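Protein chains in written order, with my numbering: chain A, 707 to 1049; chain B, 707 to 1049; chain C, 707 to 1049; chain D, 707 to 1049.
Here a beta-carbon is modelled for each residue, glycine too, at the ideal position from N, C-alpha and C.
Source: prediction; values computed, not measured.
What follows is a short report on a single structure.
Number of protein chains: 4
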Amino acid sequence: MIVIMSRDSSEKEVNEILERLKGLGLSGHLSSGVERAVIGVVGKVYPELKDNLELMPGVEEVIPISRPYKLSSREFQPRDTIVKVGDVSIGGDELVVIAGPCAVETTEQVVSTAKAVKAAGATVFRGGAFKPSTSPYQFRGLGEDGLKMLSEARAETGLPLITEVLTPGDVDLIAKYADIIQVGARNMQNFILLDEVGRTRKPVMLKRGISATIQEWLLSAEYILAQGNRQVILCERGIRTFETYTRNTFDLSAIPIIEKLSHLPIIADPSHGTGKWYLVPPMALAAVAAGADGVMIEVHPNPDMALKDGAQSLTFENFQGLMSKIVLVAAAVGKKVRVPSKV
Amino acid sequence: MIVIMSRDSSEKEVNEILERLKGLGLSGHLSSGVERAVIGVVGKVYPELKDNLELMPGVEEVIPISRPYKLSSREFQPRDTIVKVGDVSIGGDELVVIAGPCAVETTEQVVSTAKAVKAAGATVFRGGAFKPSTSPYQFRGLGEDGLKMLSEARAETGLPLITEVLTPGDVDLIAKYADIIQVGARNMQNFILLDEVGRTRKPVMLKRGISATIQEWLLSAEYILAQGNRQVILCERGIRTFETYTRNTFDLSAIPIIEKLSHLPIIADPSHGTGKWYLVPPMALAAVAAGADGVMIEVHPNPDMALKDGAQSLTFENFQGLMSKIVLVAAAVGKKVRVPSKV
Amino acid sequence: MIVIMSRDSSEKEVNEILERLKGLGLSGHLSSGVERAVIGVVGKVYPELKDNLELMPGVEEVIPISRPYKLSSREFQPRDTIVKVGDVSIGGDELVVIAGPCAVETTEQVVSTAKAVKAAGATVFRGGAFKPSTSPYQFRGLGEDGLKMLSEARAETGLPLITEVLTPGDVDLIAKYADIIQVGARNMQNFILLDEVGRTRKPVMLKRGISATIQEWLLSAEYILAQGNRQVILCERGIRTFETYTRNTFDLSAIPIIEKLSHLPIIADPSHGTGKWYLVPPMALAAVAAGADGVMIEVHPNPDMALKDGAQSLTFENFQGLMSKIVLVAAAVGKKVRVPSKV
Amino acid sequence: MIVIMSRDSSEKEVNEILERLKGLGLSGHLSSGVERAVIGVVGKVYPELKDNLELMPGVEEVIPISRPYKLSSREFQPRDTIVKVGDVSIGGDELVVIAGPCAVETTEQVVSTAKAVKAAGATVFRGGAFKPSTSPYQFRGLGEDGLKMLSEARAETGLPLITEVLTPGDVDLIAKYADIIQVGARNMQNFILLDEVGRTRKPVMLKRGISATIQEWLLSAEYILAQGNRQVILCERGIRTFETYTRNTFDLSAIPIIEKLSHLPIIADPSHGTGKWYLVPPMALAAVAAGADGVMIEVHPNPDMALKDGAQSLTFENFQGLMSKIVLVAAAVGKKVRVPSKV
C-alpha cells in the first residue's frame, strides 16, 4: 500500500500518517524526492486501511499494490487447475463442450437433447431446474422434478451434469443430483451461497456477474476456494454495456486475462453472451480461438417453443454444424476435441 | 405485443404467425399498409412469447407494448403508497432522513451515533450487522450481536431501525429486530430472498442493483408485492458506469422516473451513490430538490477508524451541517422536515 | 510516477529501471521494505513514460501520481474563474439561466422564445444554427441564416447569445455572432477544434462527452486554456450508460467534483441530460441544489412541432413554472437569481 | 412507425393523432383490438416525427420500424462490398492483415517496420502522422513530415498505406499520400469530416466510437456513402465499459452483427481493443474466428521506446509468431491469407 500525500501537505501530516501506521504494527517508508511525498507501507495491511488513511489530513490518495485475491491467483499457484468430472478434464489441453437446454421442460426434451448433443461431441450436459427470472410472472423452473429428469438424461447418455443452484437452502439438493454446481451471474456476489457451495466437494462453475470487474469475479471465486473447495471453474457470459443490439456484451478478452491472472479454468457461454442464436456460432469459435478451456451452448429441440431463452438456443442441426467448425478451430490453436465415433 | 415482419416476408410467413397465435388462444390483427407488415397481438400474452415469435421465419422483431410490472405501477394504483413505521410516514409530504453507521462495531458506537443523528433531525436509524463484502478477507459484520446493539440504540432513542438481510435463512431473525428490512443492491435479483421478505409483513427497502435498469428494479419490487407485502420502499444508490472518480454514478433521474411509473416511495442514498464523504452533502441536497421521499446518510463518530465505508461517512458535525441545509431545500420544494426542538 | 515491480522481479531488473530513468535525466528512489520493490521517479516525467516502463521486464504496474491537467486545476489556480459576458457573471454567486430552442427554425420562433425566456428570468439565450445529427437524413440546421436570426433575438432582448460550432473552419463565423461559443459533447475530443476556439478570445462552453471521464473532460479544457483562452465554462449534459429509460444518465455528481478539482465554472444541461421534458424541472432543481453555477434549458414555443429535440423542450409556461421554483432552491443554497421585474 | 397510445387515452386523442398524420401527408391505420390502441403510420416518415408525436396527449410511445440507415444496409445491397486497394481486396474471402506502428517517429522506424510486417505476411501498412491525444502535452504526431516517411515505406515495400485524418482541412493532404483514409474513433461523429471524406474517392476506414452503438456507427458510415463514396470499411476497436483491466472492451460480436446488417467489410483492431500487447494475439485470433474480413495490428521495432501506445504494440518477433497462428485459424474458418514466400 502506498500513501500519496497532497502537494501542499505538511511535515506534521506526514508524521501523523507514520504514527498511525506504527500504532497498527506497520511501518512507513517515506520517499520525499518525488513530485510529492509518498509513503510506502511496510507490513501486512487490511483492506479497509485504504479508506481510513484516505480520510487523514494531507492524504491525496492511497494505492493498494497487492492484489486482493490470493488463492485464485497464478502467483499463489503457477500451474493450471484441472477439474476432473468423470473422465472429462476441464482446464487442460482438451476443449470441453457443455450443451443442453436453458430450462428443463419434459423428460423427453432433456433426454432427446442429451442424446443429440452427445452424438455431436458434447461431453457435459447442462439444463436448469431452478431458473432465475427477472419477472415473478415468468417460468421459474420445475424444481426437483426437473433435477430427476436431468438424472434420466445422464443415465441414458453417461454425460456428467451441470445445473444451477439459486439459494443456500438448495445446495444439498443440487449437490445430490449435479456433477458440477453452477452459480449464475446474478448470484456472483451472493456471498452466503458462495460460502455454502465452497463447503461442498463438488466442482463449482462460477459465472461472471453482468457488472462484475474481473477482480471482483476472482474475489468471488476466492470465497469458494477459502472454504476449501479448489474445484472452481470460471465462466464468462457477457457484461452489461450501453449496446442494446446484443443482450450482453460478450467480453472475450476476459479469457486471456483470466489465464494470466489465475490458474482456474475458464469457459465461455456465447448463448447468454450474445442472446441471439445466429451470433452463437461465430462467438463460440472466437472463444475457442481466444484460448477458452471450453464453451457452453444452449441447445433445444424446438427453440421457438422453448419455455425460456429460445432466442439464444441452437437447434440440434445448428449445434452439429457448429461442432464441425469447433473441431477445426480448436485444432488450429492446439486444443483437442473429443470427436464422437459416429459423427 | 406487436410483431414486425421483415420487408421481404411472404404471405405464407404472415399466415403462419396468425395460425400460431390462434393455437395459443390469441388472435392477430394485421396492418399491411405500413412500411412492412405488422401484426398486433390480441389477448393475454406470456413474456416468453416474444422470444418464440422472433424465431419464426419472416419475423424482424417483436415489441411488447405492456409494461411487465403490474402491482408496482402507477397504472395499477394511482395514489402514492405511504409506508408507516411508528410515527414516521415514508412517501407522503414529509421528508424522511435515515442515518447511522455503515456497519455496527460496538454498542457505544451505535448508541452515540443514534443519539447524534436524532438530535440533528434523523427519524430512522440505520446500521448493518450482516455486511456483504467483495472479498472474503474483509469485515463481514457482527451478526446477531450487532442486531442486539442496534436494538439498544433504538431503545435509547426511540428511532425505528432499518438493517440489511443477506440471505433467506436470516429473514426471520432480521424481522425480529428490524422495523424496516433492507435488501441490498447485490441482492436486488436474489429472487428467493425477495419471495421471503415478501412473505413477512414488515416494510422492505429495496435498493437498486448497480447494473439494474429501472424496469428490472420495479420487477424485483413486483416479487415482494406479489407475495402480499405492499410496504415496499425503493432506494437509488448509484449505478456502475465507466466513470471511476466516484464509486458509482448516482442516478438522480431515477427519482422523478419512479414517481412517474410507480406509486412506491423512493429514497436516495448519496453515501453509496458517490462513495466520498465530501460529495454526500451536495448530492443529498440534489436528491431532495429532485423530489426524493427521503435520504439515507452514513454517519460515524470517527470515519477514519470505521471498519467499513469510512470514506463515505459523515462525522456528527458534518451531518448536522447537512441537516441545516436539507431543511431549507426541502422547504423550497414543499416537503416537510421534522426539526428537533433542541437544534 | 511510481514503478511497482512484480513480486518475483530480480535485482537486475530493478537496476535496469534505475538505469533507464538515469538515461532520461530522471532518478529513481527505491523502497524495498514494502510488499514488493517500489521505485519513486524523481524529476519531470512525460505521459508516455508510463507505457514504456510498463513494458520493461519485472515491472508490474506504473502509477502516475500527478494529475495530467494543470491550467484547469484548482492546485494551479485556487480562486474561482468568473467568466463575464456583458453584465452576466458565470462562476460567482449568481445562478445563470441559459434558455432557448435546440435548433433555430424561424425568426419568429427565436425572437418569441428569447422574449419569453427573458421575461421568465433567463439571462443568456441559446439556439443552434449548426446541428450535429446522428443521421445524414436529419435536420442539420440553418447555418449562417440561423445565426442572423439569433442576432435579431439578441437585438430585441439584449440577452447575450450562446451557439454551437461544429468544425474548425466555422470558428471565425461563429465568433462573429456568438457571445459564448459552445463546443458540443460529440466534439469534446475534436482537438483541432479545441485548439481553434482556444485561439479566439470569446468565452467557450465545453460540454462533457457522453463517454468522457471527468479527467478527460478537464484535459480537453486544458487544450483551450493552453492556447491562452482562459474563459472556459464546463457543462455536464449526461453520460451514456446501460439505462435506456433516459437518453443519457445525468451525472450530477460531476458538479461538486469539478468544483473540487477545478476553478472553472460548471453549468448543467438537464434537457440533454435526461431527454424527456417532464424530467427537466426536477433535474434542473437538483443541479442547482448540487451547486451548479447555472443551468441550460431547452424551450420551444411548440415542442410537438420542433424540428429537433422537441421531446426534451419545455413550453414557455413550463419554463416559467420551473423558474419560480429555481428561485426558491437557489436561495436555499445561497445563490442569487436575477428576477425580472415583471414576473 | 407505430404509435402506441396509453391505456387511458381517449377517442379524441386518437383522432388528433390521425389528423396530425393526415396534415403531414401520411395516414394512420388503427388497430384497436390489441391491449391498447395502436396506430400504424403509413407513408414516408421523417426521423423527428417520433419526438413530435410522443409529445401529443394520450401517446405512450412511438416505435420506428424502419432502420434509419439505408445505403449501408444489407436490405439495400445484399451482396458484400469488396474494397480494392492495389491488388488487395477487403471484404471477400481473403483475410487482410494491416500492420505498422501507432505513430510515425523516424524514416528508419517506419521503413524497417514496413519491411518486417511485409515479410511476416501483412498486406497493408499503417502509421499515424496526425495523432489524437487526450492531453495537449502529449505527442501529437509529425504531420506532413510523417506522411512523407510513410510514403518512403510504401515505396520500399509496395504495401498500400492507411493513415488517419483528424480534421476536414487536412482531407486533401491525407488523400494525396494515403491509399486508405482512416477516421478514428473520436471522430466517428465528426459529421463535417465524414462529409468531407465522403467527397473523396479514396477508400475510408471508419472506426467505431468508444461509446457508439452499432446503429450509430452505421449511420456515420451512411454520411460517407451519402456523399457518393461507396468504399467504406468498418473497424471495431473496443467500446468503453466499467471494466478497467483493459483499455476498452473489445466487442467482437460486432463482427457477425455487421455482417448481418450491412454489406460493408469489417476489420478488427485488437491493439486498441485491448490496450495490452499480450492480449493482442489471442484477440486477433478470436476476431478471425468470428469472421472478420481482416485485422489491424500495431507493431513497433522497440515498443518500450515508442512515442505512443507502446503498451499495445507487438515486436517484430511477436507479430511473426501471431501471423503463423492467424494462417491456421483463418484456414479453419475458410478464409485465405496471402503467405509470403520466405516465411
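Item                                                                                                                               : Value
CB contact check: A/G746 to chain C, cutoff 8 Å                                                                                    : yes
Contacts around D/V1049, its chain only, beta-carbon distance under 8 Å, and the 5 residues preceding and following it disregarded : Low confidence applies to D/V1049: its pLDDT is 43, below 50, so where it sits in the model is not reliable enough to give any reading.
Counted within 10 angstroms of its Cβ, other Cβ atoms place C/D957 as buried (16 or more) or exposed                               : buried
The stretch 845-859 of chain C: positions lying closer than 9 Å to chain B by Cβ                                                   : none
D/I920, DSSP secondary structure in three states                                                                                   : helix
Top-ranked residue by Cα proximity to A/T840, from B/R773, B/S737, B/P1046 and B/F948                                              : B/R773
Interface flag, B/T840 vs chain A, CB-CB below 8 Å                                                                                 : yes
Coarse secondary structure for B/E754, derived from DSSP in three states                                                           : coil
Span of the alpha helix (DSSP H), counted from its first residue to its last, around B/I723                                        : E717 to G729
Beta bridge counterpart(s) of D/L991 as assigned by DSSP                                                                           : Answer is none; D/L991 lacks a bridge partner.
Residue-level contact to chain B via CB, A/S712, 8 Å cutoff                                                                        : no
Inter-residue spacing [alpha-carbon to alpha-carbon] between C/D757 and C/V768                                                     : 8 Å
Neighbourhood of D/A927 by C-beta distance below 7 Å, restricted to the same chain and skipping five residues each side            : S778, L912, V938, L940 and L970
Rounded separation between B/L967 and D/I710 - CA only                                                                             : 17 Å
Spatial distance of D/M1011 from D/G852 (CA atoms)                                                                                 : 18 Å
When D/V994, D/G981 and D/I972 are compared against D/P1009, the one with the closest alpha-carbon                                 : D/G981
Chain C contacts made by the stretch 935-955 of chain D, where a contact means CB separation under 8 Å                             : R946
Which of helix, strand or coil DSSP assigns to A/V1049                                                                             : Annotation note: pLDDT 43 at A/V1049 (below 50); position unreliable, no value reported.
Min CB distance B/R892 to chain A below 8 Å                                                                                        : yes
Residues sharing a beta bridge with A/K790, DSSP                                                                                   : A/S795
Min CB distance D/A996 to chain A below 8 Å                                                                                        : yes
C/I930, DSSP secondary structure in three states                                                                                   : helix
The stretch 809-818 of chain B in contact with the stretch 870-890 of chain A per 3-pair CB rule at 8 Å                            : no
Residue environment, C/S716, which counts as buried when at least 16 other CB atoms sit within 10 Å                                : exposed
Cutoff 8 Å: D/H978 Cβ touching any chain B Cβ                                                                                      : no
First through last residue of the beta strand (DSSP E) which encompasses A/G806                                                    : V802 to G806
N- and C-terminal bounds of the alpha helix (DSSP H) containing B/F897                                                             : F897 to R905
Three-pair Cβ contact test at 8 Å for the stretch 785-800 of chain C versus the stretch 728-744 of chain C                         : no
Contact list for D/E781 against chain B, beta-carbon separation under 7 Å                                                          : R713
7 Å Cβ shell around D/L856 - same chain, five flanking residues per side excluded                                                  : V810, V816, G833, A835, L867, T869 and Y883
Selection from C/I804, C/P909 and C/T955 that minimises the alpha carbon distance to C/R1044                                       : C/I804
A/T869, enclosing beta strand (DSSP E) - first and last residue                                                                    : L867 to V871
For A/A809, the residue or residues it bridges with in DSSP                                                                        : A/G834
7 Å CB neighbourhood of A/A996 in its chain, flanking five on each side removed                                                    : L958, I961 and P962
Cβ distance (whole Å) where C/V1035 is taken to contact B/V1035 below 8 Å                                                          : 6 Å
Interface flag, B/Y984 vs chain C, CB-CB below 8 Å                                                                                 : yes
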